[in-house]
Amino acid sequence: MNKAFNLENIRKDFPILDQEINGSPLAYFDNAASTQKPKAVIDAIKNYYEQDHSNVHRGVHTLSVRATELYEESRTKIAKFINANTSNEVVFTRGTTESINVLASTLSGLIKQGDEILISTMEHHSNIVPWQELCIRTGAILKIIPINKLGELQLDSLEKLLGKKTKIISVTHISNTLGTINPIKKIIELAHLYNAYVVIDGAQAIAHTPIDVQDLDCDFYTFSGHKLYGPTGIGVLYGKENLLNKLPPYQFGGEMILKVTFENTSYNSLPYKFEAGTPNIAGSIGLAAAIDYLNSLPLNLCHQYEMEIHDYALDQLKSFSNIRLIGESHKKSPIISFIANDIHPHDVGTILNQKGVAVRTGHHCTMPLMEFFNISGTIRASFSFYNTKNEVKQLIGGLGIAFKMLS
Ligand SMILES: *Cc1c(COP(=O)(O)O)cnc(C)c1O
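Oh and the sequence shown: position 272 is 266 in my numbering, straight run, nothing missing.
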């Protein structure tokens, strides 16, 4: 049976949405920075701490067995959600940033001086800086895949950059600033012609499009729980099993070992090899609850609706003559970035907040991208399936007031 999309019911699932900010109803358009949590996630974390908490693995007592079961069930659910071949390919991390750091650190053993790493102009700082550091350590060279004025990756330039020296390509699936959806399947195909490893930053994409890592054939895929309606402090590093097996551990300590003596230590198998120390058990349970919640919704209709809200907002924004859109890719996710003549984005954001509207302003952790557009920051409205057309009207009304006050 096809599930129907019911906005009213969905909004009831998110307690935080039902409040006033500065005397106006909250209109939350900062979903690209972090999504809100459904009650199911909040309850799962609460129930875990009230009934089942203990440390995981190796425990013989009941609570430890329960916590371990819940933790590993979460891993299995996540593996299924992204269609990983086995749950061994799902490593828990703190989030996208840590997942990319794990890779930049552990892949460096395979990198020689003069090798090349490719990233793009539109990357988040967390997909730039770890690779810069890898280059400093190894003598590898960081090369940048250019974009056009619409904010689209230039595939023909990528083909020219690719060569025998290309060892790693790390690109974002969806730009958190522009909303551009990148043709990652094509990129992965091209990269594999040169036997380069492909890392995908899926921090944005995971909430807006179905992910099938086997169909994509990506080597690594990374995302954060908190952008997928789950808790902060938990994220995922997906990697093909044979590749993860090839990489050395990232951190050292408990959990990741098999046998320790003072002379010699052998390491645990996947995925534990990459999970040193007590993990974020509650976070993993919260993330699994978020996935269960999403699976209970008609997700394709949710994604469709998000784009309806995006298109509606875009249409409304066009009534302002002083606005310049930043990011006009032909393939977009529900994110709109713009600037308004000489008005500082932070000032607009501050006035919008006075009207209950939450947007993000600034460089969105993409400073090289700001440089490309020759701006210091944007106003960004990013949408979720719980947003309403009335909220968009509130945003447009707030912008009208802000522009009048500031120009
Ligand atoms: C948010 C985001 C990150 C960083 O995620 P964290 O949860 O802060 O680790 C990386 N890349 C993109 C595209 C993002 O949107």
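Where a beta carbon is used, it is the ideal one built from N, C-alpha and C, also for glycine. On a predicted model such as this, the values are computed, not experimentally measured, just so you know.
- With distances taken from CA atoms, which of Tyr191, Leu144, Ile130 is nearest Lys159? From the listed residues Tyr191, Leu144, Ile130, the smallest Cα separation to Lys159 is found for Tyr191.
- Query: Who sits around ligand 1, taking every residue whose Cβ is closer than 5 Å to one of its heavy atoms?
  - Reply: In chain order, the qualifying residues are Gly89, Thr90, Thr91, His118, Ser120, Thr166, Asn170, Asp195, Ala197, Gln198, Ser218.
- Task: Kindly indicate which three-state DSSP category Pro9 falls into: helix, strand or coil?
- Result: helix
My assumption, with CB atoms under 8 Å, is that Leu147 sits in contact with Tyr380. Please give the rounded CB distance. Not really, about 30 Å apart at Cβ, beyond 8 Å.
*Count the other CB atoms within 10 Å of the CB of Tyr244; is the residue buried (16 or more) or exposed (fewer)?*
Buried.
- Item | For Lys106, the residue or residues it bridges with in DSSP | Answer is none; Lys106 lacks a bridge partner.
Query - Span of the beta strand (DSSP E) around Tyr215 - result: Run containing Tyr215: 214 to 218, per the beta strand (DSSP E) assignment.
Assuming Leu363 contacts Ile330 under a Cβ cut-off of 8 Å, what Cβ separation, rounded to an integer in Å, is found between them?
-> In fact, because the Cβ distance is near 15 Å, the residues do not count as touching under 8 Å.
Exercise. Does the beta-carbon of Tyr43 have 16 or more other beta-carbons within 10 angstroms, so that it is buried, or is it exposed?
Worked result: exposed
Can you check which of these residues, Ser278, Leu1, Gln13, is closest to Leu222 by C-alpha distance?
Ser278
Item checked: Per DSSP, cross-strand counterpart(s) of Ser18 -> Ile15
| query | Quick one: Cα of Ser114 to Cα of His55, how far? | reply | 50 Å
Nearest by alpha-carbon distance to Asp206: which of Lys240, Phe75, Tyr22, Glu127 is it? Phe75
For Ser93, the three-state DSSP class (helix, strand or coil):
helix
Under the rule that 16 or more other beta-carbon atoms within 10 Å means buried, what is Met399, buried or exposed?
Met399 comes out exposed.
task = Write down the C-beta distance between Thr372 and Ile333 rounded to the nearest angstrom, noting that I regard them as a contact closer than 8 Å.
result = 6 Å
Q: Could you pull out every unbroken alpha helix (DSSP H) segment of at least 4 residues lying fully inside the stretch 99 to 150, listed in chain order?
A: 123 to 132
Legend entry - Residues bridged to Lys253 (per DSSP): Ser260
Using the DSSP secondary-structure output, state which residues sit across from Gly356 in a beta bridge. Thr372
*asked:* Within 10 Å of its beta-carbon, does Gln405 have 16 or more other beta-carbons around it, so buried, or fewer, so exposed?
replied: Coverage of the chain is limited to positions -5 through 401, which leaves residue 405 absent and any answer about it impossible.
Review point. For the candidate residues Val254, Arg318, Leu393, Ser378, whose alpha-carbon lies nearest to that of Asp341?
Key: Leu393
Point to revise | Cutoff 6 Å; reference Pro225; Cβ partners in own chain excluding five residues on either side | key: Gly219, Gly277, Gly280
When His47, Asn77, Asn79 are compared against Tyr65, the one with the closest alpha-carbon: His47
Cβ-Cβ distance between Phe23 and Ala375 below 8 Å = yes
Taking only three categories from DSSP, how would you classify Ile205? Three-state DSSP puts Ile205 in coil, outside helix and strand.
For chain D, check one thing: does any of its Cβ atoms lie closer than 8 Å to the Cβ of Val35?
Although the question refers to chain D, the structure presented lacks it and comprises just one protein chain.
Among Gly133, Asn384, His167, which residue has its Cα nearest to the Cα of Lys161?
Gly133
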